[in-house]
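J.: Going down the list, the sequences are from chains A and B. Take the first sequence: its letter number 31 is residue 30 in numbering that gives the first Met the number 0, and every next letter is one higher. Take the second sequence: its letter number 87 is residue 86 in numbering that gives the first Met the number 0, and every next letter is one higher. Here it is, the structure, as structure tokens.
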Amino acid sequence: MLTLAHYLVLSCIIFAIGMAGVLVRRNLIVMFMSLELMLNAVNINLAAFSNYLQSMTGQIYIVFVMAVAAAEAAVGLALIITMFRNKQTINADEINTMRG
Amino acid sequence: MNAILANIGFWVLGITAVVSALFLVTRENPVHSALWMLLTFFCVAGIFVQLDAEFIAAIQVMVYAGAILVLYMFVVMLLNPKSKGFIKMPFKVILGGIVSFIVFLQIIMTLMGADIIKTTKLTGINDPNQLGNVKLFCIDLFTKYIVPFEIVSIMLLVAMIGAIVIAKKD
Chain A
0 MLTLAHYLVL SCIIFAIGMA GVLVRRNLIV MFMSLELMLN AVNINLAAFS NYLQSMTGQI
60 YIVFVMAVAA AEAAVGLALI ITMFRNKQTI NADEINTMRG
Chain B
0 MNAILANIGF WVLGITAVVS ALFLVTRENP VHSALWMLLT FFCVAGIFVQ LDAEFIAAIQ
60 VMVYAGAILV LYMFVVMLLN PKSKGFIKMP FKVILGGIVS FIVFLQIIMT LMGADIIKTT
120 KLTGINDPNQ LGNVKLFCID LFTKYIVPFE IVSIMLLVAM IGAIVIAKKD
């Protein structure tokens, strides 16, 4: 029988994979994709709790999260394009002007 | 019978989502990563359908798989990056894996500490007047959450202007 725990564990696994992607990959585009993966995991969580609590609030928050993800993707990819134009690279290890 | 079908659907969708997410982070070519991301998004949309969020599933397919993914594909094809994209030191790869595994274990331990999460069955969203998912969704969105909704629309406008300003040639 499907319980709340099934969905929460699934979202947890996807979140961990996305986090590993952000930490391990150095290609900025793939790092952004992993961020989208983490946001998707959060959305599964919200949908599961919306079902569990019999309330639509969780689903409305999913739409807000999607709007934030879309805005983040647009601005982030614009930044990546500008960075590539200036530095000819999108490797996060080679962008070290600020010594970060 | 229905419960068995729901179980099969959950396991198929969940395992496909996890496997394609793993492929997303391990492929060297960003184009392959983007295509695996597409599969993950479709599986997550299926999970939303299972959780009585049909409208969200449609939005997921349209916004994520339709708009955001095409944006990523455009950028990948535009830039044609040469870098392989992994951290060079294998030590740091292992460290990143261990850190994310620890976070994973912590969340799992927290979940398994609560008995109510393991035993409650998901019954579906209460819909006494047979309104349907979209109407229920919109009743809340356009009454209780109208102000956040407007703020989100302004945020999207700002993000659009910001992206144009940042990416345009001087």
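Ideal placement from N, C-alpha and C gives every residue a C-beta, glycine not left out. Predicted model, so just to flag it, every value in this text is computed and none were measured.
CB-CB under 7 Å to residue 9 of chain B, same chain, minus the five flanking residues each way: which ones, in chain order?
T.: Hits under 7 Å: 49.
J.: Would you check if the distance between the CB atom of residue 3 of chain A and the CB atom of residue 119 of chain B is smaller than 8 Å?
T.: Contact: yes.
J.: List the DSSP bridge partners of residue 90 of chain A.
T.: Paired residues: A/26.
J.: Considering only residues of the stretch 48-94 of chain B, which uninterrupted alpha helix (DSSP H) runs meet the minimum length of 4 residues and lie entirely inside it, listed in chain order?
T.: Here the runs fully enclosed are 53-58, 68-78.
J.: Inspect the CB distances between the stretch 62-74 of chain B and the stretch 29-48 of chain B and report whether three or more fall short of 8 Å.
T.: The stretch 62-74 of chain B is in contact with the stretch 29-48 of chain B.
J.: Taking one C-beta from the stretch 110-127 of chain B and one from the stretch 19-30 of chain A each time, how about it: are there three or more such pairs within less than 8 Å?
T.: The stretch 110-127 of chain B vs the stretch 19-30 of chain A: no contact.
J.: With a threshold of 8 Å, are at least 3 pairs of Cβ atoms found where one atom belongs to the stretch 150-158 of chain B and the other to the stretch 35-50 of chain A?
T.: Contact between the stretch 150-158 of chain B and the stretch 35-50 of chain A is absent, because fewer than three Cβ pairs lie under 8 Å.
J.: Nearest to residue 169 of chain B by alpha carbon, out of A/47, A/58, A/81, A/91?
T.: Checking every option, the nearest Cα to that of residue 169 of chain B belongs to A/81.
J.: Considering residue 149 of chain B, what are the terminal residues of the alpha helix (DSSP H) in which it resides?
T.: 145-166 is the extent of the alpha helix (DSSP H) around residue 149 of chain B.
J.: Contact criterion: CB-CB distance below 8 Å. Does residue 32 of chain A meet it with respect to chain B?
T.: At least one chain B Cβ lies under 8 Å of residue 32 of chain A.
J.: With H, G and I counted as helix, E and B as strand and the rest as coil, what does DSSP make of residue 119 of chain B?
T.: The answer is coil: DSSP assigns residue 119 of chain B none of H, G, I, E or B.
J.: 8 Å is my cut-off, CB to CB: does residue 55 of chain B come that close to chain A?
T.: Judged by the 8 Å Cβ criterion, residue 55 of chain B is in contact with chain A.
J.: Please state if the CB of residue 165 of chain B and the CB of residue 11 of chain A are separated by a distance shorter than 8 Å.
T.: No, Cβ-Cβ distance for residue 11 of chain A and residue 165 of chain B is not below 8 Å.
J.: Residue 94 of chain A touches chain B at which residues, Cβ-Cβ below 9 Å?
T.: Those within 9 Å of residue 94 of chain A in chain B number zero; the least Cβ separation is about 11 Å.
J.: Using DSSP with H/G/I as helix, E/B as strand and the rest coil, what is residue 142 of chain B?
T.: Residue state, collapsed to three classes: coil.
J.: Checking contacts by CB at 8 Å: is residue 24 of chain A closer than that to chain B?
T.: Yes - at least one Cβ of chain B is within 8 Å of the one on residue 24 of chain A.
J.: Is any heavy atom in the ligand GDP found nearer than 7 Å to the beta carbon of residue 69 of chain B?
T.: This structure does not include the ligand GDP; it has no bound ligands of any sort.
J.: Pull up the CB-CB distance for residue 46 of chain A and residue 59 of chain A, whole angstroms please, since I reckon it's below 8 Å.
T.: With 8 Å as the limit, residue 46 of chain A and residue 59 of chain A do not qualify as a contact, their Cβ atoms being about 11 Å apart.
J.: Does the beta-carbon of residue 59 of chain B have 16 or more other beta-carbons within 10 angstroms, so that it is buried, or is it exposed?
T.: Label assigned to residue 59 of chain B: buried.
J.: Compute the Euclidean distance between the alpha carbons of residue 74 of chain B and residue 73 of chain A, then round it to the nearest angstrom.
T.: Spanning the two alpha carbons is a distance of roughly 10 Å.
J.: What does the Cβ neighbour count give for residue 4 of chain B, buried or exposed, with the cut at 16 atoms within 10 Å?
T.: Exposed, by the Cβ-count rule.
J.: Which two residues bound the contiguous alpha helix (DSSP H) that contains residue 1 of chain B?
T.: 1-25 is the extent of the alpha helix (DSSP H) around residue 1 of chain B.
J.: Let me confirm a value: residue 47 of chain B is counted as buried when at least 16 other C-beta atoms fall within 10 Å, else exposed. Which label applies?
T.: Answer is buried; the Cβ neighbour count reaches 16.
J.: Determine, using beta carbons only, whether residue 97 of chain A comes closer than 8 Å to chain B.
T.: No - not a single Cβ of chain B is within 8 Å of the one on residue 97 of chain A.
J.: Would you tell me roughly how many angstroms separate the C-alpha atoms of residue 16 of chain A and residue 99 of chain B, rounded to the nearest one?
T.: So the alpha carbons of these two residues sit roughly 8 Å apart.
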